[in-house]
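*Asks:* Numbering (my numbering), first residue to last: 14 to 299.
Even for Gly, the Cβ is constructed at its ideal location relative to N, Cα and C.
Keep in mind the model is a prediction, meaning the values are calculated, not measured.
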Ligand code: SAM
């Protein structure tokens, strides 16, 4: 039998409902969020409202998006008299940030979310896509995900996720939250993560599409040297890769996990220039 959040208060496993029940952790999250009275907040999945009331006290306006009908009904009752709260019953992945910002009467939002693991990656992607509307995000994530996001080159956690997030934000792991702080107790440890969104990418990139395909190809076979993994990039020959190595000074016998963000930017920009040169040459009449 699947668990449903009923009027009797049984959390739904399928929606990742693990509610924060530790007041001290709630206060630490609020402190970390540092909401100023001129800032508007988007709370993702308010659940039973562990953070909602406190966020309402601090924020200029609060938008809280909850997918669960039963919880939504309870929140509506509990917070009936607050003009500056907009409760939205919706899937956060379907929400338009430009509409939220319009209502919030603020060019940028502070996002606060205790993320359920089943949508973590999709929500992170959505936040990165909507980065122009976000100042910072304070997220409770699975501890391992937090470590992957903040990982440095050379560590085994460093990969595509670290690069995608570090390109657009400055991530910082603030503290760990043990399972006992939630009801029901999850099987995994959580961490509080802050993402400070940049106005422009943290390193200069010539062609974003080629940057992502370079990183993807490099990590597709983690144990392989770059000179082998990058061969899956369309249009590049072994000779081309020798030229790319000479131009960037990056030894292609290295593995993806040793390259910094700057090195990936340099590698992909050189590949982009190289591929466009090849296209132009191919188009020229003989
Ligand atoms: N913020 C509350 C807390 O800390 O106690 C609840 C956290 S609980 C881990 C995640 C909440 O997100 C649940 O209330 C769940 O119903 C809601 N949720 C799950 N998927 C969602 C989605 N796609 N869109 C909006 N809310 C969602």
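(1) Please list the segments of the beta strand (DSSP E) lying wholly inside the segment 189-274, counting only runs of 3 or more residues, in order along the chain.
(2) Assess contact between the segment 80-97 and the segment 39-48, defined as three or more Cβ pairs (one per stretch) separated by less than 8 Å. Is contact present?
(3) Would you say residue 150 and residue 140 are within 8 Å of each other, going by their C-beta atoms?
(4) Would you decide whether residue 30 is buried or exposed? Buried here means 16 or more other CB atoms lie within 10 Å of its CB.
(5) Leaving out five residues on either side along the sequence, give the residues of the same chain with a beta carbon under 6 Å from the beta carbon of residue 15.
(6) So, helix, strand or coil for residue 64, using DSSP?
(7) Restricting to Cα atoms, I'd like to know which of 234, 43, 244, 199 is closest to residue 152.
(8) On the CB-based measure, 16 or more other CB atoms within 10 Å of its CB, does residue 81 come out buried or exposed?
(9) Hey, out of 113, 173, 172, whose CA is closest to residue 146's CA?
(10) I need the straight-line Cα distance from residue 24 to residue 197, nearest angstrom please.
(11) Please list, in chain order, all residues of the same chain as residue 217 whose beta carbon is under 7 Å from its beta carbon, the five residues on each side excluded.
(12) Does at least one heavy atom of ligand 1 sit under 7 Å from the Cβ of residue 214?
(13) Would you say residue 286 touches ligand 1, meaning its beta carbon is less than 7 Å from a heavy atom?
(14) Within a Cβ cutoff of 6 Å, which residues of the same chain sit near residue 289, ignoring the five residues on either side of it in sequence?
(15) State the Cα-Cα distance for the pair residue 72 and residue 51, rounded to the nearest angstrom.
(16) Apart from the five residues just before and just after residue 110, which ones in its own chain have a Cβ nearer than 7 Å to its Cβ?
(17) Could you pull the DSSP bridge partners for residue 79 from this structure?
*Replies:* By the coordinates alone:
(1) 203-210
(2) no
(3) As a first step, residue 150 must be located in the chain shown, where it is residue number 137. As a first step, residue 140 must be located in the chain shown, where it is residue number 127. Result yes, Cβ atoms of residue 150 and residue 140 sit closer than 8 Å.
(4) Counting from 1 along the chain shown, the entry for residue 30 is found at position 17. Its Cβ being crowded by 16 or more others within 10 Å, residue 30 is buried.
(5) Locating residue 15 in the chain shown gives position 2, where the first residue counts as 1. At residue 15, the pLDDT of 41 sits below 50, so the modelled position is not reliable and the matter cannot be decided from this model.
(6) The residue labelled residue 64 in the question sits at position 51 within the chain shown. Correct three-state label for residue 64: coil.
(7) Taking the first residue of the chain shown as position 1, residue 152 is located at position 139. Here the closest residue by C-alpha is 43.
(8) The residue you call residue 81 lines up with position 68 of the chain shown. Buried is the call here.
(9) Counted from its first residue, the chain shown places residue 146 at position 133. If we check each option's Cα against that of residue 146, 113 comes out closest.
(10) By one-based count along the chain shown, residue 24 stands at place 11. By one-based count along the chain shown, residue 197 stands at place 184. Taking C-alpha positions only, residue 24 is separated from residue 197 by approximately 8 Å.
(11) Locating residue 217 in the chain shown gives position 204, counting from the first residue. 278, listed in sequence order.
(12) Counting from 1 along the chain shown, the entry for residue 214 is found at position 201. No, the beta carbon of residue 214 sits no closer than 7 Å to any heavy atom of ligand 1.
(13) Along the chain shown, one-based indexing puts residue 286 at 273. False, no ligand heavy atom lies under 7 Å from that Cβ.
(14) On the chain shown, residue 289 is found 276 positions in, with the first residue counted as 1. In its chain, beyond the 5 residues on either side, no residue has a beta carbon closer than 6 Å to the beta carbon of residue 289.
(15) As a position in the chain shown, residue 72 is number 59, starting the count at 1. As a position in the chain shown, residue 51 is number 38, starting the count at 1. Taking the straight line joining both Cα atoms gives about 7 Å.
(16) By one-based count along the chain shown, residue 110 stands at place 97. Around residue 110: 143, 146.
(17) Position 66 of the chain shown, counting from 1, holds the residue named residue 79. DSSP output for residue 79 lists 102 as bridge partner(s).
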